[in-house]
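Protein chains in written order, with my numbering: chain A, 1 to 340; chain B, 341 to 680.
Right, here's the structure in full:
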């Protein structure tokens, strides 16, 4: 077995010792690969693949959040589709229950996603108490990530199943209710449990109704974190309300009305455009005041230097489909909206 | 393969021919057991088991609603845990995606539930267009059944996961929105799809959060349909608002407030008891006016003759746990409330 993890946090929290002794008790041979980065890099993956070959590894155990799990996922299908098991330490990416992984190549400033059914973990251990030690800041970033996964699927005019919209609204309400509690009371089991379970269900494919949806904020954010190595959830938090504002028009307003009335309880008798603006304001208030995330690019060290190239890479040189199809100029405008 | 079904409805709708030719095309040997009753009886199960032995059956294909699927489920574990496949024709019981089955013995007026992981169908085909031919009355009964499955889990003071409460509220809103549409427009794919998917998710165990919950209305209704052979969903519809009224008190009112505000959009600033009564009224209005189900026992041919014995069988001679623990006298009072 190859156990993968990031920095020392799993040692501080005692999880490392618990995992190692359980593995030894089971009589399994254990190898370790530590130091997997936030925004995990291709170098770590290559190291892991090398170890799998050298030591004839037959199962991968990822202990960590989305970065560790994603890097481990990428190792698996390269090396004869090794089975992956994960112990989740951060409610955010949903990587513990999906078939996706994202990896960075710092040499080329590329951050690339991959989908492969072989990367779905065979089992993931979700123990909310393991996330008691997650800092308020990381809790906030993780919560913004969960919300973004939901928005990427929810905001579409190509409605599928009302039932799934209700589920998504329920997941949004869950995050909005419990993220601040988990920040104030890190040991609140109920809050941690709700966030952890919501992180998986936001992205395990169920709310998609079986369809592949075109995402918008994630592709934009991947360029930010490829160029600036900022925390994924923070980048999403800054982008999301601006993207919502940019996509708001007469043809899309009904979706904002549904969101605003069902998630934030905004008075449904108000004019639709008013509801939409109130909904975006309430979301901004949640992200930047309640979760205390930074609001603008300058606050996180991003200036206009790479806007053009990041926007171009976001749309792949053409049009990015999604809630509102976006071209390079659109993405640049959304980036510009994040400047103040 | 043994194909099981009820009366002739699957022949009328052409489903029988489609299934038979698909089975023959696949080169499988086909045996048939038809005539499975609504409130399926132990006699049908015995016939099925006999056929499995005689013909060395290796897979069971249930084509129908909960009654056909349930009877087939009971055959399976008796005969070497045969795999079950189902083609669902009615959105209601959720039997297509759970491990439970209910069967009647008309000689003893017993209606008995059974849980067995071997009874979980290996695959179920849910094609909403197959339910286009379901009558408005059966659509109404099925919808009342789905709602009851949700109420049995939702109404508890032993709160688990807020996220799951949100999912249940979403499922309730889905049924309340689409049942009347499916009654008015039987061919409305969106309505049928939402009801069909909701029927599975209301009872596949997910909303329970992994816990076994004590149910209340279903045990009461099983006695009604054991003694009077009425449609399960209709019995549930009559019982449910009375059960809610009977369980309403200061210690439980908060759950009714959550239900009333989130599902029916009742003004949350009203006094809690007012919200609770309004919620019950709105549910009654939905069941008896919108769904046009009969409101009282006398309207469906039930009188007081068997109240005592039905109540006694409901609670098994002791106390039935649940939202409010009920003894024989409590159940008799709830039955009495159904008289007018």
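C-beta: ideal position from N, C-alpha, C; glycine also. All values reported here derive from a predicted model rather than from experimental measurement.
* Asked: Using the C-alpha atoms, what's the distance from residue 97 of chain A back to residue 358 of chain B?
  -> Each residue's alpha carbon lies about 36 angstroms from the other.
* Asked: Taking Cβ-Cβ distances shorter than 8 angstroms, what residues in chain A pair up with residue 534 of chain B?
  -> Neighbours of residue 534 of chain B on chain A, chain order: 161, 162 and 163.
* Asked: Using DSSP with H/G/I as helix, E/B as strand and the rest coil, what is residue 681 of chain B?
  -> Lying before the first or after the last residue shown, residue 681 of chain B is absent from chain B, which here runs from 341 to 680.
* Asked: Quick one: is residue 517 of chain B near chain A, going by C-beta distance under 8 angstroms?
  -> Chain A has a Cβ within less than 8 angstroms of the Cβ of residue 517 of chain B.
* To do: Tell me, to the nearest whole angstrom, how far the beta carbon of residue 343 of chain B is from that of residue 403 of chain B; I am working on the premise that it is less than 8 angstroms.
  => That belief holds up - the Cβ atoms of residue 343 of chain B and residue 403 of chain B are roughly 6 angstroms apart, short of 8 angstroms.
* Asked: Are residue 628 of chain B and residue 679 of chain B closer than 8 angstroms when you measure CB to CB?
  -> It is not a contact, given that the beta carbons lie outside the stated cut-off.
* To do: Please look up how many angstroms separate the CB atoms of residue 379 of chain B and residue 444 of chain B, rounded, as I've assumed it's under 8 angstroms.
  => Sure, about 5 angstroms apart at Cβ, within 8 angstroms.
* Contact set between the region 525 to 559 of chain B and chain A, restricted to residues whose Cβ is under 7 angstroms from the partner -> The region 525 to 559 of chain B vs chain A, Cβ under 7 angstroms: 533, 534, 537 and 538.
* Asked: What residues in its chain sit with their C-beta under 6 angstroms from that of residue 6 of chain A, if we drop five residues either side in the sequence?
  -> Counting only Cβ-Cβ distances below 6 angstroms, and skipping sequence neighbours, we find 36, 64 and 68.
* Could you list which residues in chain A have their beta carbon closer than 9 angstroms to that of residue 595 of chain B, in chain order? => Residue 595 of chain B does not reach chain A, its nearest Cβ partner there being about 17 angstroms away, counting only Cβ pairs nearer than 9 angstroms.
* **Beta-carbon proximity list for residue 465 of chain B, same chain, < 6 angstroms, skipping 5 on both sides** => These residues qualify, in order along the chain: 427.
* Considering only C-alpha positions, which residue in the set B:560, B:635, B:395 and B:471 is nearest to residue 672 of chain B? -> Considering only alpha carbons, the answer is B:560.
* Can residue 675 of chain B and residue 651 of chain B be called in contact, C-beta distance under 8 angstroms? -> Less than 8 angstroms divides the Cβ of residue 675 of chain B from the Cβ of residue 651 of chain B.
* Hey, could you find the ends of the beta strand (DSSP E) residue 151 of chain A is sitting in? => Not the beta strand (DSSP E): residue 151 of chain A falls in the alpha helix (DSSP H), residues 136 to 154.
* residue 358 of chain A: first and last residue of the uninterrupted alpha helix (DSSP H) it sits in -> In the structure displayed, chain A extends from 1 to 340; residue 358 of chain A sits before or after that span and is not available.
* Starting from the Cα of residue 451 of chain B, find the closest Cα among B:458, B:441, B:457 and B:594 and give me that residue. => Looking only at B:458, B:441, B:457 and B:594, the smallest Cα-Cα distance to residue 451 of chain B is reached by B:441.
* To do: Report yes or no: do three or more beta-carbon pairs, one from the region 72 to 85 of chain A and one from the region 52 to 59 of chain A, lie closer than 8 angstroms?
  => Here the region 72 to 85 of chain A lies against the region 52 to 59 of chain A, with 3 or more beta-carbon pairs under 8 angstroms apart.
* Asked: In the structure shown, what three-state DSSP assignment does residue 525 of chain B receive?
  -> Residue state, collapsed to three classes: coil.
* Exposed or buried, which one is residue 157 of chain A when buried takes at least 16 other CB atoms within 10 Å? -> Residue 157 of chain A comes out exposed.
* Asked: Would you say residue 286 of chain A reaches chain B, if we count a Cβ-Cβ gap shorter than 8 angstroms as a contact?
  -> Chain B contact via Cβ: absent.
* For residue 115 of chain A, three-class secondary structure by DSSP -> Strand at residue 115 of chain A.
* Any 3 or more C-beta pairs closer than 8 angstroms across the region 175 to 191 of chain A and the region 518 to 531 of chain B -> With the rule of 3 Cβ pairs closer than 8 angstroms, the region 175 to 191 of chain A does not count as touching the region 518 to 531 of chain B.
* Verify the CB distance criterion: does residue 52 of chain A have a CB-CB separation below 8 angstroms to chain B? => It does not: the Cβ of residue 52 of chain A has no partner Cβ on chain B nearer than 8 angstroms.
* For chain B, is any of its Cβ atoms less than 8 angstroms away from the one on residue 142 of chain A? -> Cβ-Cβ to chain B under 8 angstroms: no for residue 142 of chain A.
* Please determine if the region 533 to 547 of chain B and the region 610 to 624 of chain B are in contact, where contact requires at least 3 C-beta pairs separated by less than 8 angstroms. => No, because fewer than three Cβ pairs between the region 533 to 547 of chain B and the region 610 to 624 of chain B fall closer than 8 angstroms, the two stretches do not touch.
* To do: Using three-state DSSP, classify residue 450 of chain B as helix, strand or coil.
  => For residue 450 of chain B, the secondary structure class from DSSP, reduced to helix, strand or coil, is strand.
* Asked: With 8 angstroms set as the bound, which would you pick, yes or no: does the beta-carbon of residue 283 of chain A sit closer than that to a beta-carbon of chain B?
  -> Not closer than 8 angstroms to any Cβ of chain B, the Cβ of residue 283 of chain A fails to qualify, so no.
* **Proximal chain A residues relative to residue 491 of chain B, where beta-carbon distance stays under 7 angstroms** => What residue 491 of chain B touches in chain A: nothing, since even the nearest Cβ is about 16 angstroms away.
* Name the chain A residues whose beta carbon is nearer than 8 angstroms to that of residue 509 of chain B? -> Simply 166 and 170.
* On the premise that residue 370 of chain B lies in contact with residue 681 of chain B, defined as a C-beta separation below 8 angstroms, what is that separation, rounded to the nearest angstrom? -> Because residue 681 of chain B is not part of the residues shown, which for chain B are 341 to 680, the question remains open.
* **Spatial distance of residue 8 of chain A from residue 14 of chain A (CA atoms)** => Answer to the nearest angstrom: the Cα atoms are 10 angstroms apart.
* To do: Output the distance between the C-alpha atoms of residue 645 of chain B and residue 194 of chain A, rounded to the nearest integer angstrom.
  => Distance from the CA of residue 645 of chain B to the CA of residue 194 of chain A, rounded to the nearest whole angstrom, comes to 48 angstroms.
* In chain order, which alpha helix (DSSP H) runs of at least 4 residues are fully inside the region 359 to 443 of chain B? -> Segments of the alpha helix (DSSP H) lying fully in the region 359 to 443 of chain B: 382 to 395 and 406 to 418.
* Quick one: give me the first and last residue of the beta strand (DSSP E) that residue 542 of chain B is part of. => For residue 542 of chain B, no beta strand (DSSP E) segment is defined, and its DSSP state is neither H nor E.
* Asked: Whole alpha helix (DSSP H) runs in the region 200 to 232 of chain A with 4 or more residues, listed along the chain?
  -> Counting whole runs of 4 or more residues, the region 200 to 232 of chain A contains the alpha helix (DSSP H) stretches 217 to 228.
* Simplified DSSP assignment, three categories, for residue 637 of chain B -> Coil.
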